[in-house]
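>
Chains as they are written, first to last, in our numbering: chain A, 11 to 221; chain B, 11 to 221.
#1: Please list, in chain order, all residues of the same chain as residue 86 (chain B) whose beta carbon is under 6 Å from its beta carbon, the five residues on each side excluded.
#2: Write down the C-beta distance between residue 161 (chain B) and residue 191 (chain B) rounded to the nearest angstrom, noting that I regard them as a contact closer than 8 Å.
#3: Can you give the beta carbon distance from residue 65 (chain A) to residue 108 (chain A), rounded, assuming they're within the 8 Å contact cut?
#4: Taking 8 Å as the threshold (beta carbon to beta carbon), is residue 133 (chain A) in contact with chain B?
#5: Cβ atoms of residue 159 (chain A) and residue 180 (chain A): under 8 Å apart, would you say?
#6: If I measure Cβ to Cβ from residue 52 (chain B) and keep anything under 7 Å in the same chain, skipping five residues before and after, which residues do I get?
#7: Which residues in the same chain as residue 176 (chain A) place their Cβ atom closer than 8 Å to its Cβ, once the five residues preceding and following it in sequence are excluded?
#8: What are the boundary residues of the alpha helix (DSSP H) that residue 66 (chain B) is part of?
#9: Output yes or no for whether 8 Å exceeds the beta carbon distance between residue 97 (chain A) and residue 157 (chain A).
#10: Got a sec: is the Cβ-Cβ distance from residue 82 (chain B) to anything in chain A below 8 Å?
#11: Taking the alpha carbon of residue 43 (chain A) as the point to measure from, which residue in A:63, A:30, A:29, A:72 has its own alpha carbon closest?
#12: Could you give the distance in angstroms between the alpha-carbon of residue 19 (chain A) and the alpha-carbon of residue 153 (chain A)?
#13: When you compare only the Cα positions, how much space is there between residue 206 (chain B) and residue 116 (chain B)?
#14: If distances are taken between C-alpha atoms only, which option among A:61, A:90, A:91, A:145 comes closest to residue 77 (chain A)?
#15: So the candidates are B:210, B:123, B:150, B:170; which of them puts its Cα closest to the Cα of residue 201 (chain B)?
#16: With distances taken Cα to Cα, identify the nearest neighbour of residue 211 (chain A) among B:173, B:204, B:193, B:90.
#17: How would you list, in chain order, the residues of chain B whose beta-carbon sits under 9 Å from the beta-carbon of residue 179 (chain A)?
#18: Starting from residue 209 (chain A), trace the alpha helix (DSSP H) in both directions and tell me its first and last residue.
#19: According to a CB-to-CB cut-off of less than 9 Å, which residues of the segment 50-73 of chain B neighbour chain A?
#20: Which residue marks the beginning of the alpha helix (DSSP H) containing residue 177 (chain A), and which one marks its end?
#21: With a threshold of 8 Å between beta carbons, is residue 185 (chain B) in contact with chain A?
#22: Can you give me the Cβ contacts of residue 23 (chain A) inside the same chain, cut-off strictly under 7 Å, excluding the 5 residues immediately before and after it?
#23: Please give me, in chain order, every unbroken run of the alpha helix (DSSP H) with length at least 4 that falls completely inside the segment 98-155 of chain A.
#24: How long is the line joining the alpha carbons of residue 74 (chain B) and residue 184 (chain A), rounded to whole angstroms?
#25: From residue 151 (chain A) to residue 92 (chain A), what distance separates their C-alpha atoms?
#26: Any idea what DSSP makes of residue 56 (chain B), helix, strand or coil?
#27: Just to confirm, is the Cβ distance from residue 68 (chain B) to residue 57 (chain B) under 8 Å?
#28: Determine the burial state of residue 70 (chain A): buried for a count of at least 16 other Cβ atoms within 10 Å of its Cβ, exposed for fewer.
#29: Examine chain B for any beta-carbon lying closer than 8 Å to the beta-carbon of residue 215 (chain A), and answer yes or no.
#30: Output, in chain order, the set of chain A residues within a Cβ distance shorter than 9 Å of residue 144 (chain B).
#31: Please list, in chain order, the chain A residues whose beta carbon lies closer than 8 Å to that of residue 188 (chain B).
#32: Does any C-beta atom of chain A lie closer than 8 Å to the C-beta of residue 93 (chain B)?
#33: Express the C-alpha separation of residue 216 (chain A) and residue 112 (chain A) in angstroms, rounding to a whole number.
#34: Roughly how far, in whole angstroms, is the beta-carbon of residue 170 (chain B) from the beta-carbon of residue 219 (chain B), given that I think they are within contact range, below 8 Å?
#35: Within its chain, find whatever has a CB closer than 6 Å to the CB of residue 89 (chain A); leave out the 5 residues flanking it on each side and keep chain order.
#36: Should residue 1 (chain B) go down as buried or exposed, given a rule of 16 or more other Cβ atoms within 10 Å for buried?
Given below as structure tokens:
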């Protein structure tokens, strides 16, 4: 992924990456883990690598995280919580189904562009989670899916949208937004906001929104 | 990725995975490399792992591939050649722009669903290629992008499509199809053909195709 990615979180407009994680040492270790996993993959990374990157000893890491899998789980959990929060707040927001779908796509895209390194780790290393943690994450994904499906269903019920296959279209909308994390920064001459605006327009076309 | 992925290539309707690679030992090593990279990531895989998976010695591997990067490059090259062939043959095919775009999406999706393990390795391990090989692959991607862009441009010129942002929409269409490799098989209750048909319809909506 390279050095260009290191400052990813600031691209999303946040002051301090992973600010919700305390104490400061635990936060620094999480930032280091995201970088290491993104660069070399989960299986090629050791807790020693992560501690070294954070300028700490392996023993200091162990105070905060018992295993490498626990680090991945924290990253995945925070990432999925954030994704669900974005989609839920759009689903439950004010306005027409088209306005809510547009808002959901814009913020979901913005998050995946601004946090593309985190999003890649979260998406590509899902299989490295233990069974229990994986089940928990799969449930969060199910809820994210349900939030988008609800907006689509509302739009169809209101006669605003024409969607022959609501579950399939929901999957496609989420997939389109998630994949921004893969290509953003490598082929991107667009800001996260610009991609969000373009994608909101494309998604409204996908659901046959009345102009 | 687990054992469910191991038979991926047959899902795409091919008789023998990587049949274009000869001799047989070189082919078996490539199949083993795809599986190992998909399961553990490129950096966590050794050439010894790959040889062992193929039931061969490290010395036997070395006859066919000098380095692990050479294996990744072969996989990436064959995958990208195939992608380009699919998109070019659609771009240069008969029929209206809508028919050609629909054909391109259907076969591109079918390939990514049927070869999702290969496609993931090809997409997610791009940064592990050496500079020269990476440049070669980036050029193939540029040509794939150009093939889709041409269909969109033709459709706009013929008054068939309404596309305010051709480069952005091209990127979104390719991204939507490529991401099938990430979710297919994990959330998929659909066949590759069914996903292809759904996506062709969604993409025609994205470009505002006249019905």
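A virtual CB, placed ideally from N, CA and C, is assigned to each residue, including glycine.
Quick answer:
#1: As a first step, residue 86 (chain B) is located in the second chain; it is residue number 76 there, counting from the start. Excluding positions up to five away in sequence, the list reads 132, 147.
#2: Translated into the one-based positions of the second chain, residue 161 (chain B) becomes position 151. Translated into the one-based positions of the second chain, residue 191 (chain B) becomes position 181. That pair is no contact at about 22 Å.
#3: What you label residue 65 (chain A) is simply residue 55 of the first chain in a count that begins at 1. What you label residue 108 (chain A) is simply residue 98 of the first chain in a count that begins at 1. With 8 Å as the limit, residue 65 (chain A) and residue 108 (chain A) do not qualify as a contact, their Cβ atoms being about 49 Å apart.
#4: As a position in the first chain, residue 133 (chain A) is number 123, starting the count at 1. With 8 Å as the cut-off, residue 133 (chain A) counts as an interface residue toward chain B.
#5: The residue given as residue 180 (chain A) occupies position 170 in the first chain. The residue given as residue 159 (chain A) occupies position 149 in the first chain. Yes.
#6: On the second chain, position 42 is the one that residue 52 (chain B) refers to. Once the five neighbours on either side are set aside, the close Cβ partners of residue 52 (chain B) are 82, 135, 138.
#7: Residue numbering aside, residue 176 (chain A) sits at position 166 when the first chain is read from its first letter. Taken in chain order, the residues that qualify are 159, 162, 163, 166.
#8: Here residue 66 (chain B) is taken as the residue at index 56 of the second chain, counted from 1. Element bounds for residue 66 (chain B): n/a, residue is neither H nor E.
#9: For the purposes of this step, residue 97 (chain A) is taken as residue 87 along the first chain, with counting starting at 1. For the purposes of this step, residue 157 (chain A) is taken as residue 147 along the first chain, with counting starting at 1. Yes. Within cutoff.
#10: Here residue 82 (chain B) refers to the residue found at position 72 of the second chain. Chain A has no Cβ within less than 8 Å of the Cβ of residue 82 (chain B).
#11: Sequence index remark: in the first chain, residue 43 (chain A) carries index 33 (1-based). For residue 43 (chain A), the nearest C-alpha among the options comes from A:63.
#12: Residue numbering aside, residue 19 (chain A) sits at position 9 when the first chain is read from its first letter. Residue numbering aside, residue 153 (chain A) sits at position 143 when the first chain is read from its first letter. Reliability fails at residue 19 (chain A), whose pLDDT of 48 lies under 50, so the model's placement of it is uncertain and no value is given.
#13: The residue labelled residue 206 (chain B) in the question sits at position 196 within the second chain. The residue labelled residue 116 (chain B) in the question sits at position 106 within the second chain. Their Cα atoms are separated by approximately 4 Å.
#14: By one-based count along the first chain, residue 77 (chain A) stands at place 67. Among A:61, A:90, A:91, A:145, the Cα nearest to that of residue 77 (chain A) belongs to A:61.
#15: In the second chain, counting from the first residue as 1, residue 201 (chain B) sits at position 191. Looking at the Cα atoms, B:123 is the closest of the given residues.
#16: The residue you call residue 211 (chain A) lines up with position 201 of the first chain. When each option's Cα is compared against that of residue 211 (chain A), the closest is B:173.
#17: Translated into positions along the first chain, residue 179 (chain A) becomes position 169. Chain B residues near residue 179 (chain A): 208, 212.
#18: Along the first chain, read from residue 1 onward, the residue named residue 209 (chain A) stands at position 199. Run containing residue 209 (chain A): 202-216, per the alpha helix (DSSP H) assignment.
#19: For the segment 50-73 of chain B, the beta-carbon criterion of a distance under 9 Å to any beta-carbon of chain A is satisfied by 50, 51, 52, 53, 54, 55.
#20: Working through the first chain from its first residue, we reach residue 177 (chain A) at position 167. According to the DSSP assignment, residue 177 (chain A) belongs to the alpha helix (DSSP H) that extends over 176-188.
#21: In the second chain, residue 185 (chain B) corresponds to position 175, counting from 1. Interface residue, yes.
#22: Stepping through the first chain from its first residue, residue 23 (chain A) is reached at position 13. With a pLDDT of only 44 at residue 23 (chain A), under the threshold of 50, the placement of this residue in the model should not be trusted; the figure read from the coordinates follows. 124, listed in sequence order.
#23: Within the segment 98-155 of chain A, the complete alpha helix (DSSP H) runs of at least 4 residues are 107-124, 126-134.
#24: As a first step, residue 74 (chain B) must be located in the second chain, where it is residue number 64. As a first step, residue 184 (chain A) must be located in the first chain, where it is residue number 174. Residue 74 (chain B) and residue 184 (chain A): Cα-Cα distance of roughly 41 Å.
#25: As a first step, residue 151 (chain A) is located in the first chain; it is residue number 141 there, counting from the start. As a first step, residue 92 (chain A) is located in the first chain; it is residue number 82 there, counting from the start. Their Cα atoms are separated by approximately 11 Å.
#26: Stepping through the second chain from its first residue, residue 56 (chain B) is reached at position 46. Look at residue 56 (chain B) here: in three-state DSSP terms it is coil, with no helix or strand label.
#27: On the second chain, residue 68 (chain B) is found 58 positions in, with the first residue counted as 1. On the second chain, residue 57 (chain B) is found 47 positions in, with the first residue counted as 1. Cβ atoms of residue 68 (chain B) and residue 57 (chain B): closer than 8 Å.
#28: Sequence index remark: in the first chain, residue 70 (chain A) carries index 60 (1-based). With fewer than 16 other CB atoms across the displayed protein chains lying within 10 angstroms of its CB, residue 70 (chain A) is exposed.
#29: As a first step, residue 215 (chain A) must be located in the first chain, where it is residue number 205. Judged by the 8 Å Cβ criterion, residue 215 (chain A) is in contact with chain B.
#30: Within the second chain, the letter at position 134 stands for residue 144 (chain B). The contacting residues do not exist; residue 144 (chain B) stays about 11 Å from chain A at best.
#31: Walking along the second chain from the start, residue 188 (chain B) turns up at place 178. The contacting residues are 189, 192.
#32: Numbered from its first residue, the second chain carries residue 93 (chain B) at position 83. Among the residues facing chain A, residue 93 (chain B) is not included, as its CB has no counterpart in that chain under 8 Å away.
#33: The residue given as residue 112 (chain A) occupies position 102 in the first chain. The residue given as residue 216 (chain A) occupies position 206 in the first chain. The straight-line gap from Cα to Cα measures roughly 12 Å.
#34: Mapped onto the second chain, residue 170 (chain B) falls at position 160. Mapped onto the second chain, residue 219 (chain B) falls at position 209. Right, the Cβ-Cβ distance comes to about 6 Å (below 8 Å), so this counts as a contact.
#35: Residue numbering aside, residue 89 (chain A) sits at position 79 when the first chain is read from its first letter. Only 128, 132 meet the Cβ criterion.
#36: Residue 1 (chain B) lies beyond the residue range present for chain B, which begins at 11 and ends at 221; the question has no answer from this structure.
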